[in-house]
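So the protein lines, in turn, are chains A and B. Quick note: the first sequence uses this note's numbering, first residue 1, plus one each step. Quick note: the second sequence uses this note's numbering, first residue 1, plus one each step. The beta-carbon is built from N, C-alpha and C at its ideal position, and this holds for glycine as well. What follows is a set of notes on a single structure, which appears directly below.
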Amino acid sequence: MNKTYLIFKHEFLQAIKKVGFIVLTFIVPVLALVAIGLFELVTTLTEPSVKEVTTVGYVDEVGIFSEQTDQGLIKLVPFTSREDATQALVRRDVSEYIVIPSDYTSSGTIQRYTLAKELIPPPITTHLIESFLAWNLLKDDVSPEVITAIVSPLNLEVTRLDENGDIAQEQGNIGNIIIPGVFSLLLALALQFSAMSLVSGLAEEKESRLIDVLFSSVSVRQLLIGKVLALGTAGLLQALVWLISAPPLLHLASSLFGGFLSIIQIPPNFLLLAIVYFILGYLLFAVISVGIGGISSNATEGQNLSLLYTLTSFVPLWFVGLMVSFPNNPIWVALSIFPVTAPTQIILRLGVSDIPAWQIVTSIGVLGFSIIVGLFLSIKIFRTFMLMYGKRPGLAEIIQGLKSA
Amino acid sequence: MAAVEVSHLCKTYADVTAVNDLSFSVDPGEILGLIGPNGAGKSSTIKIILDFMRPDSGVVKIFGQQMNEALKDQIGYLPEERGLYKKLTAIDLILYLSSLKGMDKAMAEEKANVLLEQTGMLEYKNKKNKEMSKGMGQLIQFIVTIIHDPDLIVLDEPFSGLDPVRTEAIQNIIGNLRDEGKAIILSTHQMNKVEELCDRVLMINKGRTVLYSDLVETRAKFRRNSVQVAIDGELGDLPGVIDRKLTNSSVELFLAPDTTPQTILDQLREQGIAINRFEVTTPSLNEIFLNLVRADHE
Chain A
1 MNKTYLIFKH
11 EFLQAIKKVG
21 FIVLTFIVPV
31 LALVAIGLFE
41 LVTTLTEPSV
51 KEVTTVGYVD
61 EVGIFSEQTD
71 QGLIKLVPFT
81 SREDATQALV
91 RRDVSEYIVI
101 PSDYTSSGTI
111 QRYTLAKELI
121 PPPITTHLIE
131 SFLAWNLLKD
141 DVSPEVITAI
151 VSPLNLEVTR
161 LDENGDIAQE
171 QGNIGNIIIP
181 GVFSLLLALA
191 LQFSAMSLVS
201 GLAEEKESRL
211 IDVLFSSVSV
221 RQLLIGKVLA
231 LGTAGLLQAL
241 VWLISAPPLL
251 HLASSLFGGF
261 LSIIQIPPNF
271 LLLAIVYFIL
281 GYLLFAVISV
291 GIGGISSNAT
301 EGQNLSLLYT
311 LTSFVPLWFV
321 GLMVSFPNNP
331 IWVALSIFPV
341 TAPTQIILRL
351 GVSDIPAWQI
361 VTSIGVLGFS
371 IIVGLFLSIK
381 IFRTFMLMYG
391 KRPGLAEIIQ
401 GLKSA
Chain B
1 MAAVEVSHLC
11 KTYADVTAVN
21 DLSFSVDPGE
31 ILGLIGPNGA
41 GKSSTIKIIL
51 DFMRPDSGVV
61 KIFGQQMNEA
71 LKDQIGYLPE
81 ERGLYKKLTA
91 IDLILYLSSL
101 KGMDKAMAEE
111 KANVLLEQTG
121 MLEYKNKKNK
131 EMSKGMGQLI
141 QFIVTIIHDP
151 DLIVLDEPFS
161 GLDPVRTEAI
171 QNIIGNLRDE
181 GKAIILSTHQ
191 MNKVEELCDR
201 VLMINKGRTV
211 LYSDLVETRA
221 KFRRNSVQVA
231 IDGELGDLPG
241 VIDRKLTNSS
251 VELFLAPDTT
261 PQTILDQLRE
271 QGIAINRFEV
281 TTPSLNEIFL
291 NLVRADHE
């Protein structure tokens, strides 16, 4: 039987039996959905069944603000003086009060008093004050409908059309980034876990000299290719489990909890590209790990070194807020092509904007090329330094080793 | 055809010469003892033979061929420092590593049971390696080394850390392997094991050959002209004896160049002395080793 296959089989079985792999593959996605469901559930349970009316006091020193004091759940109560309003606030007869000073029409200043500690006024309060002021200022000159439009001039409804001018199946909304976001986070975690596992495994084999026994049976190439492919296949299995289970789990959670979950969408080309980038990501980090395993003198050192390069897969996640705001910035294109950030960056971008085909083709091409070159260099590094025990070679030694190998 | 033929091997690391013009061979059915002080170049020699690293110059032939992947299935290697996959059971480890040597699983399992029985390890076959003692782990690795019936076996310190019972078991297995026609390279610091097991000895120091010879010839070559005698009472003057050294239960008599042990024995008989023990002194390999290494350092 082919020895590369035997190593692949052994390493694959060892990888998928690891507790970390099992937890990440089978438990984390379910936990994520359960957490979203719980959030929805808690939100629903904490909403009061009977809507309470909030009373806000006001002192009108101008003398023209008397209408539109009943705004549904918020009622405005007039006070003749600031002292009366303050006493009512202290007694908690009102939740807060505002003062419309006599020079308001020229200064535009409104004073607000509250017992609550808050960084900024709640948007609902600001909106209430704006509505109350606008209504009373304009009541004699324009119709109530116009006043309503002035207070709330924009209710933007966006509809995305496809290239034929029909309504697109995938409508852009914040729910689009949830699944890609969760998947890219899981991918980054999985890459880190698997890279650390491969590096520490190799370093341990090296440290314990088990590597000598292995190399008396197989070639360096057979051993390392077997290990890399095993890790890639473990990545494929993980991706398949997540991608196959995501739609039914999402549907189940949405029908159970509704709310936020019902707006979550999976981008149409997401499944295929996620599988491609999962496999390429796993293979790339596996070949880098082989090289790092070759120069690590022990498992702990290997794990520490692997932290350095696996962190790069988290970089796109750090900037997700900026990416949502500026989806077409060239930085995201660069991160989509740079091999170590490409897998998580592309998966994230799929939820934010359409990615031009040339970027995806270039990204996959660069990743594939990096994997082949990386494997070639890593095998050389491993072959050169596999017999160096208890000492990590410096950069100059590595370069020298690569030249002479 | 020699199992291993090494010709003019040289290997240098930076400014240190690890192997310096080393030549030797190992035949099927022979155990070659590879001995030398620490840093003598033994490990480098073994690693070059196994193709873990390339020599600067020189040629290694295994069964007449340059090392290749197919040949690896005919070789068993037990490294000096031994590690195991800690989470695997003993039997799983044996089966995995034997599969890499091209063994069929059923055959490997059958052979593993026989070897586990021979080494007293059968009851531990389903134990995880992390639960085993160092000695037990060593026996498992010894089994891994020979399970695929290799024609060339390289053993680096196979007895270190083993108790006397298991040492004897391993020693018997090694002896049987030699009788079956296997070529064995035994690298060890335990000179008594080399004396008991090896047919030839290759002693190296600073990468160079210090001694490469048949063990019987070696002893004869380094034999000093002396006899060990144990008698009741005091031993008087004997012609031809130039010096004497008292030990616990006997005295070693150093003879003049033209005096033979037989001459001394005849003299003792003529004097009517009751002899409890009379033995021609044979230097131990350890003595030879120490003398040669010291001489080489001087």
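Hey, does P79 (chain B) have any beta-carbon neighbour from chain A nearer than 7 Å?
-> Output row for P79 (chain B): interface = yes.
Report the residue from A:V99, A:S245, A:T125 whose alpha carbon sits nearest the alpha carbon of I27 (chain A).
-> For the set A:V99, A:S245, A:T125, the Cα lying nearest the Cα of I27 (chain A) is the one of A:S245.
Please report how far the alpha carbon of Y113 (chain A) lies from the alpha carbon of I98 (chain A), in whole angstroms.
-> Spanning the alpha carbons of Y113 (chain A) and I98 (chain A) requires a straight line of approximately 6 Å.
Distance, L78 (chain B) Cα to E205 (chain A) Cα | One C-alpha to the other measures close to 15 Å.
Using a C-beta to C-beta distance shorter than 7 Å, which residues of chain A count as neighbours of F142 (chain B)?
-> Taking a Cβ-Cβ threshold of 7 Å, none of the residues of chain A is close to F142 (chain B); the smallest such distance is about 11 Å.
Around the C-beta of N136 (chain A), are 16 or more other C-beta atoms found within 10 angstroms, so that it is buried, or is it exposed?
-> N136 (chain A) sits buried, since 16 or more C-beta atoms from the chains shown fall within 10 Å of its C-beta.
So what does DSSP say about D212 (chain A), is it helix, strand or coil?
-> Note: D212 (chain A) maps to helix in three-state DSSP.
From B:M191, B:L139, B:V227, pick the residue whose C-alpha is nearest to that of T260 (chain B); which is it?
-> Per the Cα distances, B:V227.
For H10 (chain A), return the contacting residues in chain B, with the cut-off set at a CB-CB distance below 7 Å.
-> Ordered by position in chain B, the residues that pass the 7 Å Cβ test against H10 (chain A) are Y96.
Chain-ordered chain A contacts of R82 (chain B) [CB-CB under 7 Å] | Near R82 (chain B) (Cβ distances below 7 Å), the residues of chain A are R209.
Should I75 (chain B) and V144 (chain B) be called a contact, given that it needs their Cβ atoms to be closer than 7 Å?
-> No. Outside cutoff.
Alpha carbon to alpha carbon, what distance is there between V114 (chain B) and G232 (chain A)?
-> For G232 (chain A) and V114 (chain B), the distance between alpha carbons rounds to 38 Å.
Chain A contact residues for L177 (chain B), given Cβ-Cβ distances below 7 Å | Ordered by position in chain A, no residue passes the 7 Å Cβ test against L177 (chain B), which lies about 17 Å from the chain.
Give the DSSP-derived three-state secondary structure of K227 (chain A) in the structure shown.
-> Helix.
Cα-Cα, which of B:K206, B:G240, B:G161, B:E252 is closest to A295 (chain B)?
-> Checked all of B:K206, B:G240, B:G161, B:E252; the closest Cα to A295 (chain B) is B:K206.
Straight-line CA distance for I225 (chain A) to G321 (chain A)?
-> Their Cα atoms are separated by approximately 38 Å.
CB contact check: E69 (chain B) to chain A, cutoff 7 Å | So yes, E69 (chain B) belongs to the interface.
Verify the CB distance criterion: does F159 (chain B) have a CB-CB separation below 7 Å to chain C?
-> The structure shown has no chain C; the protein chains it does contain are A and B.
Look at the alpha carbon of F24 (chain B) and the alpha carbon of L189 (chain A), and state the distance between them as a whole number of angstroms.
-> One alpha carbon belongs to F24 (chain B), the other to L189 (chain A), and they sit about 54 Å apart.
The region 50-66 of chain B: positions lying closer than 8 Å to chain A by Cβ | Taking 8 Å as the cut-off between beta carbons, the residues of the region 50-66 of chain B near chain A are L50, F52, M53, in sequence order.
Compare the C-alpha of E180 (chain B) against each of B:D27, B:V4, B:V19 and name the closest.
-> Ranking the options by Cα distance to E180 (chain B), first place goes to B:D27.
Using the Cα positions of K9 (chain A) and Q222 (chain A), report the straight-line distance between them to the nearest angstrom.
-> Answer to the nearest angstrom: the Cα atoms are 12 Å apart.
Proximal residues of chain A, C-beta to C-beta of K72 (chain B) below 8 Å | The contact set of K72 (chain B) on chain A, defined by CB atoms closer than 8 Å, consists of S216, S217, V218 in chain order.
G83 (chain B) beta carbon less than 7 Å from that of L210 (chain A) | Result yes, Cβ atoms of L210 (chain A) and G83 (chain B) sit closer than 7 Å.
Segment limits, alpha helix (DSSP H) that includes K206 (chain B) | Looking at the DSSP string, K206 (chain B) is not in any alpha helix (DSSP H), and its letter there is neither H nor E.
CB of P316 (chain A) within 7 Å of CB of T344 (chain A), strictly = Yes. Within cutoff.
K111 (chain B): first and last residue of the uninterrupted alpha helix (DSSP H) it sits in = According to the DSSP assignment, K111 (chain B) belongs to the alpha helix (DSSP H) that extends over 105-118.
Assign T282 (chain B) to one of three DSSP states: helix, strand, or coil.
-> In this structure, T282 (chain B) counts as coil in the three-state DSSP scheme.
In chain A, what lies closer than 9 Å to I75 (chain B) by C-beta?
-> Within chain A, the residues near I75 (chain B) are S216, S217.
Report all residues from its chain with a CB closer than 6 Å to the CB of G33 (chain B); omit the five preceding and five following residues, and keep chain order.
-> The beta carbon of G33 (chain B) sits closer than 6 Å to those of L186, V194, C198, V201, all from its chain and outside the five residues before and after it, given in chain order.
In three-state DSSP terms, what is F338 (chain A)?
-> In this structure, DSSP gives F338 (chain A) a state outside helix and strand, which the three-state scheme calls coil.
Where DSSP assigns a beta bridge to T55 (chain A), which residues make up the other side?
-> In the DSSP output, where bridge partners are listed per residue, T55 (chain A) has A:K75.
Under a three-way DSSP split, which group does E5 (chain B) fall into?
-> E5 (chain B) sits in a strand when the DSSP states are folded into three classes.
According to DSSP, which residues form a beta bridge with L229 (chain B)?
-> Sequence inspection shows Val at residue 229 (chain B); the Leu mentioned does not correspond to that position. Answer is B:V251, B:F278, bridged to V229 (chain B).
Give the range of the beta strand (DSSP E) segment to which V26 (chain B) is assigned.
-> If you look at V26 (chain B), you'll find it in the beta strand (DSSP E) that goes 16-26.
Is there contact between the region 210-220 of chain B and the region 262-270 of chain B, where contact requires at least three CB pairs shorter than 8 Å?
-> In the pairwise beta carbon analysis, the region 210-220 of chain B is classified as not touching the region 262-270 of chain B: fewer than three pairs are separated by under 8 Å.
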